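Chemist:
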Amino acid sequence: MDLRTLLQPATQLLAPLRHLSSSSSSSSVLLPLIATRGHKTTARTKRSLKMAPHDSFLPSRSAAFPAADQIIYNPPASEASPEHTPFLFLPRNDPRRLAIMRLRNTSQLSTSASSSAGADAAAGDGELPPEMRYKRRQPKYNLTKEHIDEMRRLRAEDPLTWSVQRLARKFECSTVFVQMAAPAPEEHLRWLRAKMERKKERWGPIRTAAREDRKRRAEMLYRGEL
Amino acid sequence: MKRIRPSRWSGQLLQARRGAGIPAARTPLCLAIRCQSTSSVPASDSSTLDSSSSASPPPPPLPAPSFDRAPQSAKLAALHARLSLSKKIPLQTLARALVTPSADANPNFNNANLAYLGSTIINFHVYEYLVCKWPRLPMAILYEALRAYAGDESLQQIARRWGVEAAAAPGEEVDPGLLQWKAGEGHVVNTRWGYIRSEAAKGKAWRRGLSSRVVLDSDFGDQVSSSDPERLEYNALQSEAFGSVVQAVIGAIYTHCGRDEAKAFVKSHILSRELDPSKLFQFKLPTRELAMLCAREGFEPPIARLESETGRLSRTPVYVVGIYSGKEKLGEGAGASLDVARRKASMASLKAWYLYSPGNKVRVPSDMMEQGAKPWTAPHIDIGEII
Amino acid sequence: MARITRMRRLQSLQLAIPSQCAAAAARPSFAAARAISTSSPAQSKNTDWIRGKLWKGEAPGPADPYTQRMEPEAQSNLPEEALDSSRPGRDKTPAAVRESRLALPGRRTEAAAEKELQASDPTYVPAADAEGLEEVGTLSTWWEQPGHWGEESEFKGFGSAVKVVDKEVLEVHLRRAVVEALALKQAGVFSEWATKKWSEGGELDEALAAQVEVQDGKATLKGDASAIAEALTSEVEEAESSATGVTVEEAREMLKSWDSSWKNIALDNPLRFALRKRLYQLTGVLIPDAKLAAANTIKHILTLAARDPKPLKLAQVLEKRNAFGDLANVTVHERRVGPIDKEVAVGRWKVIEEELKKRDLPVTGYGDAPRNKERDWLTGKI
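Protein chains in written order, with the UniProt record's numbering: chain S, 1 to 226; chain L, 1 to 387; chain B, 1 to 382.
#1: Quick check: what's the CA-CA separation for B:N296 versus B:L312?
#2: Quick one, which of L:G151, L:R208, L:Q371 has its alpha-carbon nearest L:D260's?
#3: According to the neighbour-count rule (16 or more other Cβ atoms, all chains shown, within 10 Å of its Cβ), is S:W203 buried or exposed?
#4: Starting from L:K263, trace the alpha helix (DSSP H) in both directions and tell me its first and last residue.
#5: Find out if the Cβ-Cβ distance for the pair B:V172, B:P309 is shorter than 8 Å.
#6: Just to check my reading of the structure: L:L91 and L:A77 have Cβ atoms closer than 8 Å, yes? What is that Cβ distance to the nearest angstrom?
#7: With a threshold of 8 Å between beta carbons, is B:G347 in contact with chain L?
#8: Using the rule of at least 16 other Cβ atoms within 10 Å of the residue's Cβ for burial, across every protein chain shown, is L:R273 buried or exposed?
#9: For S:V164 and L:C294, I'd like the C-alpha separation in whole angstroms.
#10: Hey, does residue 384 of chain B have any beta-carbon neighbour from chain L nearer than 8 Å?
#11: Between the alpha carbons of L:F242 and L:R315, how many angstroms are there, rounded?
#12: Please classify L:I386 as buried or exposed, where buried requires at least 16 other C-beta atoms within 10 Å of its C-beta.
#13: State yes or no: is the beta carbon of B:V344 nearer than 8 Å to at least one beta carbon in chain L?
#14: Using 8 Å for Cβ pairs, my map puts S:V178 next to S:L167. What's the rounded Cβ distance?
#15: Report the three-state DSSP secondary structure of B:V351 (helix, strand or coil).
#16: On the DSSP bridge assignment, give the partners of L:V99 in chain order.
#17: Are S:L226 and S:R217 closer than 8 Å when you measure CB to CB?
#18: If we cut at 8 Å on Cβ distances, does B:K357 have a partner in chain L?
#19: I believe L:R343 touches L:P286 by the beta-carbon criterion, under 8 Å. Please report the beta-carbon distance rounded to the nearest angstrom.
#20: Would you list, in sequence order, the uninterrupted alpha helix (DSSP H) runs of no fewer than 4 residues that lie entirely inside the stretch 39-110 of chain S?
#21: To the nearest angstrom, how far is the alpha carbon of L:A345 from that of L:I323?
#22: For B:S222, which residues of its own chain have a beta-carbon under 8 Å away from its beta-carbon, when the five flanking residues on both sides are left out?
#23: Considering only residues of the same chain and omitting the five flanking positions on each side of B:V178, which have a CB-CB separation below 8 Å?
#24: Between L:L155, L:R161, L:K327, which lies nearest to L:V246 when the distance is taken from Cα to Cα?
#25: Residues of chain S with CB closer than 7 Å to the CB of L:R305, please, in chain order.
#26: Along the stretch 48-60 of chain S, what residues have a CB closer than 9 Å to any CB found in chain L?
#27: Please list, in chain order, all residues of the same chain as L:P358 whose beta carbon is under 8 Å from its beta carbon, the five residues on each side excluded.
#28: Could you give the distance in angstroms between the alpha-carbon of B:P270 and the alpha-carbon of B:A227?
#29: Start and end of the alpha helix (DSSP H) containing B:S153?
#30: In the DSSP assignment, the beta strand (DSSP E) including B:E213 goes from what residue to what residue?
#31: Suppose you measure from the CA of L:M369 to the CA of L:I253; what does that come to, to the nearest Å?
#32: Find the nearest neighbour of B:G106 within the set B:L139, B:T331, B:A130, B:A112, judged by alpha-carbon distance.
#33: Decide yes or no for the touch test of the stretch 334-351 of chain B against the stretch 172-179 of chain L: beta carbon pairs closer than 8 Å, at least 3 of them.
#34: Going by CA-CA distance only, name the one from B:G284, B:D289, B:K277, B:L208 that's closest to B:K256.
#35: For L:A236 and L:L142, I'd like the C-alpha separation in whole angstroms.
#36: Could you tell me whether any Cβ in chain B is nearer than 8 Å to the Cβ of L:V174?
Set out below in structure tokens:
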């Protein structure tokens, strides 16, 4: 290390010289005067991989050494345990609920004392992570009895044209609602099932196995094994 | 005997049908006189027996060792000492706890009665503990948790850890310190009590809901079969035999030493075992179930939020998704895809709901039976499962 | 030539044997048979023609040279009786068998042939069946038959069958032996009786009542020495029950009443051997010859004879101490717990027995099956 710091100025001194030589000779071969060493030995590799621990693993050095004892709590990243009941799920008479509420009140008081009230309200929603986009139930309650009768009529008339998707788009409701409110006639369902069967017969072994694996994986996921 | 059958309430209200509610597999008490232990046979019988048996050939060997030999058995004494049983429990009782009905069918000499008594005590203590410790457990999970504590397999493990060994074949000459049981013969299981369903007798397919399981079926929610006992596997028979030893020992403790001793024994040998109930869950539609829970409880609908992610474009991405209801976080889960992470997060939230526990030191109702107990405070009682 | 010398040596050896053994034999002996020449006179006539060819006129020497050589043997200088006794054939049965007290099976005899009997007894009618014949067992059952092996046939040793182990009792018996030896000496019959068997039933109290006075290693007996000697030398056979009737406590009492001077009696060789023999007879304790030579006084004999009692085995110590009496979880078995006992304890033995019986196999042992021959091959027995 000492040697390297000593040599550093020397290389800096030599840098313009090197530039000169490269420009004069205009050759593509650049021979550095001070070669940087590669990690060719175990010792060098180890030295280069040696990293200082993160600050969270070190005792705080804000105070002088014997001043304060400190507990370093830095658990590895892991799943939250279901043993920790979230605040919302705690019953009304649970002492933990009261304790958390007391804690929140004091912290809120302190923050409100430090900052203005308007900033506090703005920060409320901004602290939360971004919402995910996924299909979720958004009840609109826009359909009346006539709509449903119409839906059923269309479906019975021509289930092939008026598919579930199309009806859902037409009446602005979910496909699940269409399936519940206007189920297809029995023969159409049978035809659909037969079509699916035919499709499945054409699957090769790889696709079949992949489908089965996917099903098994879903089961494992629901059992909490994945 | 009245049976509650909600499906029939509309019709004949609470009218019990004849033969519908037969207690399962009740063996008739056969009072065969046998000179196995001198104490159990009255003196008047022995004189008549002597006069009759003087000319007759020697009696056939007993199906299980005589209780007279119990004090001589080193194994039995060792087991007694190992369990630190009270001196009030004689070795003969311990010897009887080791004789299963499969070896000796006579209920005067086998452990069936003690085992039934013990099983009720075990199930009572385990149930009250489970209900007070995890008041929101669904009924199906509660059944499985009970089975994990007091099922035959678990009791077999306990018996084996006690050092109970089985005899190769039961008989009179066998050491009384060995468990007397044999597999094979279809013997009656009289430690399971419940109602035989009339639907089963008809042999139709019927829907067996959880509510009816609570009322009609056995302690573990198992269906009690009709007069024809089901054929059990060897392993099941074995665990039943070993489990009956633990039950009978606890029954013997209750008989000789009383309620408190039995409770302490159950607590130290059965409830001290560790069970992680979060492993028992299997969900079907966790996101929908969580949404219904929030709707029922009046919380804001759950929303999945992406808390952090890494390697979205790589082969092994990791997403951490949290489920929030309003500003409150309900749970979080990590997965290799957004969908998996979301489902895991909602499962974690549901488990957090179901596994709510008032604390590790819950008081159970039987604590009030002790002398000088503190006044009772009602435990948390949940309104029920999410349907 | 060689044959003749050997024969003579044989003959003289036979004479040395006590006459009774040879007398029993009735068969013509080997020596007697060889004394007759094998070549008959008729044979000598056949050889005359060659003698005539060889010699002109009278041939020199005897006609049969082999017979001629036997002549010096015939002229023995022994008395007639001796020769006679040696003549009959020697019995080849060992002396131990011949002198045995046991009833041994007799020699095999052959019945007279039918023709001979008919010749001697014209009324003889041969039997047609085995009716009325005496039943004698086979030779293998000889000792099981009554009268052949009983109490009297068992070996009784000279030494006492009951070995005395206590030192005090041994000392009392030694004292008795010393007193008896001294009594015999005083009676003057010690040298005669030293090698004979002393009567065992002599009164113990009588012998012990006698006082022994010791001066410079020489002992004199005070008391009824002649009575003791009489009791010893009498041939009366009485019950041997009174031989060892001394308990340890009695022996201790007796030892207290004597002063220890009697132990300093010097021993000479006859006394030493007499005491050893008597002690062996009374107590069953035999002092080895190699050690006996070192004993110079009675005290030495006592030291050699007395042995520390055998230390108890661990099992005996534990049993004596009742170590496991109050331990309920320990079982003490009378004998070794074998594989069958273990199977019985777990209840498997009855199943094994039943299965073996079902297959007609022996329950224990090998039954008719021969032993493992391969093992004998491996261990080199065959």
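All C-beta atoms, glycine included, are put in the ideal place defined by N, C-alpha and C. All figures in this text were calculated on a predicted structure; none of them were measured in a lab.
Modeler: In brief:
#1: On the third sequence, position 296 is the one that residue 296 of chain B refers to. On the third sequence, position 312 is the one that residue 312 of chain B refers to. Looking at the two C-alpha atoms, the distance is approximately 33 Å.
#2: Here residue 260 of chain L refers to the residue found at position 260 of the second sequence. Ranking L:G151, L:R208, L:Q371 by Cα distance to L:D260 puts L:Q371 first.
#3: Here residue 203 of chain S refers to the residue found at position 203 when the first sequence is read from its first residue. Flag for S:W203 reads exposed.
#4: Here residue 263 of chain L is taken as the residue at index 263 of the second sequence, counted from 1. Its alpha helix (DSSP H) spans residues 259-269.
#5: Position 172 of the third sequence, counted from the first residue, corresponds to residue 172 of chain B. Position 309 of the third sequence, counted from the first residue, corresponds to residue 309 of chain B. Not in contact: B:V172 and B:P309 (Cβ atoms no closer than 8 Å).
#6: As a working note, residue 91 of chain L is residue 91 in the second sequence. As a working note, residue 77 of chain L is residue 77 in the second sequence. Indeed, because the Cβ distance is near 7 Å, the residues count as touching under 8 Å.
#7: As a working note, residue 347 of chain B is residue 347 in the third sequence. So, interface residue.
#8: As a working note, residue 273 of chain L is residue 273 in the second sequence. Exposed.
#9: Reading the first sequence from its first residue, position 164 is the one you call residue 164 of chain S. Reading the second sequence from its first residue, position 294 is the one you call residue 294 of chain L. Using only the alpha carbons, I get a separation of about 29 Å.
#10: Past the boundaries of the shown model lies residue 384 of chain B; chain B is included only from 1 to 382, so the question cannot be answered.
#11: If you number the second sequence from 1, residue 242 of chain L lands on position 242. If you number the second sequence from 1, residue 315 of chain L lands on position 315. In a straight line, the C-alpha of L:F242 is about 51 Å away from that of L:R315.
#12: Numbered from its first residue, the second sequence carries residue 386 of chain L at position 386. When all chains shown are included, L:I386 counts as buried.
#13: Working through the third sequence from its first residue, we reach residue 344 of chain B at position 344. So, interface residue.
#14: Your numbering for residue 178 of chain S matches position 178 in the first sequence. Your numbering for residue 167 of chain S matches position 167 in the first sequence. Contact holds; Cβ gap of about 5 Å.
#15: The residue you call residue 351 of chain B lines up with position 351 of the third sequence. Here B:V351 sits in helix by DSSP.
#16: Position 99 of the second sequence, counting from 1, holds the residue named residue 99 of chain L. Answer by DSSP bridge pairing, in chain order: L:Q180.
#17: Position 226 of the first sequence, counting from 1, holds the residue named residue 226 of chain S. Position 217 of the first sequence, counting from 1, holds the residue named residue 217 of chain S. Closer than 8 Å, so yes.
#18: What you label residue 357 of chain B is simply residue 357 of the third sequence in a count that begins at 1. False, the Cβ-Cβ gap to chain L never drops below 8 Å.
#19: Position 343 of the second sequence, counted from the first residue, corresponds to residue 343 of chain L. Position 286 of the second sequence, counted from the first residue, corresponds to residue 286 of chain L. Indeed they touch by this definition, with Cβ atoms about 6 Å apart.
#20: 42-49
#21: Within the second sequence, numbered from 1, the residue matching residue 345 of chain L stands at position 345. Within the second sequence, numbered from 1, the residue matching residue 323 of chain L stands at position 323. For L:A345 and L:I323, the gap between their C-alpha atoms comes out near 6 Å.
#22: To locate residue 222 of chain B, count along the third sequence from 1; it is residue 222. With the sequence shown as reference, residue 222 of chain B is identified as Lys, and Ser is not the correct amino acid for it. Closer than 8 Å at the Cβ level, and outside the excluded window around B:K222, lie A210, Q211, V212, E213.
#23: Locating residue 178 of chain B in the third sequence gives position 178, counting from the first residue. So the list reads V212, A219, W262, I265, L275, I298, once near-sequence residues are dropped.
#24: Against the second sequence, residue 246 of chain L aligns to sequence position 246. Of the candidates L:L155, L:R161, L:K327, the one whose C-alpha sits nearest the C-alpha of L:V246 is L:L155.
#25: Here the question's residue 305 of chain L lines up with position 305 in the second sequence. Simply L128, P129, P130, E131, M132.
#26: Going along the stretch 48-60 of chain S in chain order, one finds no residue with a Cβ nearer than 9 Å to chain L.
#27: Residue numbering aside, residue 358 of chain L sits at position 358 when the second sequence is read from its first letter. Once the five neighbours on either side are set aside, the close Cβ partners of L:P358 are C132, K133, P135, P379, H380.
#28: For the purposes of this step, residue 270 of chain B is taken as residue 270 along the third sequence, with counting starting at 1. For the purposes of this step, residue 227 of chain B is taken as residue 227 along the third sequence, with counting starting at 1. In a straight line, the C-alpha of B:P270 is about 22 Å away from that of B:A227.
#29: By 1-based counting over the third sequence, the position of residue 153 of chain B is 153. Premise fails: B:S153 is in no alpha helix (DSSP H) and is neither H nor E.
#30: Start at 1 with the first residue of the third sequence, and residue 213 of chain B comes out as number 213. B:E213 -> beta strand (DSSP E) spans 211-215.
#31: Taking the second sequence and counting its residues from 1, one reaches residue 369 of chain L at position 369. Taking the second sequence and counting its residues from 1, one reaches residue 253 of chain L at position 253. Those two C-alpha atoms are separated by around 17 Å.
#32: As a position in the third sequence, residue 106 of chain B is number 106, starting the count at 1. Closest option to B:G106, Cα to Cα, is B:L139.
#33: Using a C-beta cut-off of 8 Å, the stretch 334-351 of chain B makes contact with the stretch 172-179 of chain L, since at least three inter-stretch Cβ pairs fall below that distance.
#34: What you label residue 256 of chain B is simply residue 256 of the third sequence in a count that begins at 1. Among B:G284, B:D289, B:K277, B:L208, the Cα nearest to that of B:K256 is on B:L208.
#35: Reading the second sequence from its first residue, position 236 is the one you call residue 236 of chain L. Reading the second sequence from its first residue, position 142 is the one you call residue 142 of chain L. If you take the alpha carbons of L:A236 and L:L142, they lie about 21 Å apart.
#36: Mapped onto the second sequence, residue 174 of chain L falls at position 174. For L:V174, a Cβ of chain B is located within less than 8 Å of the residue's own Cβ.
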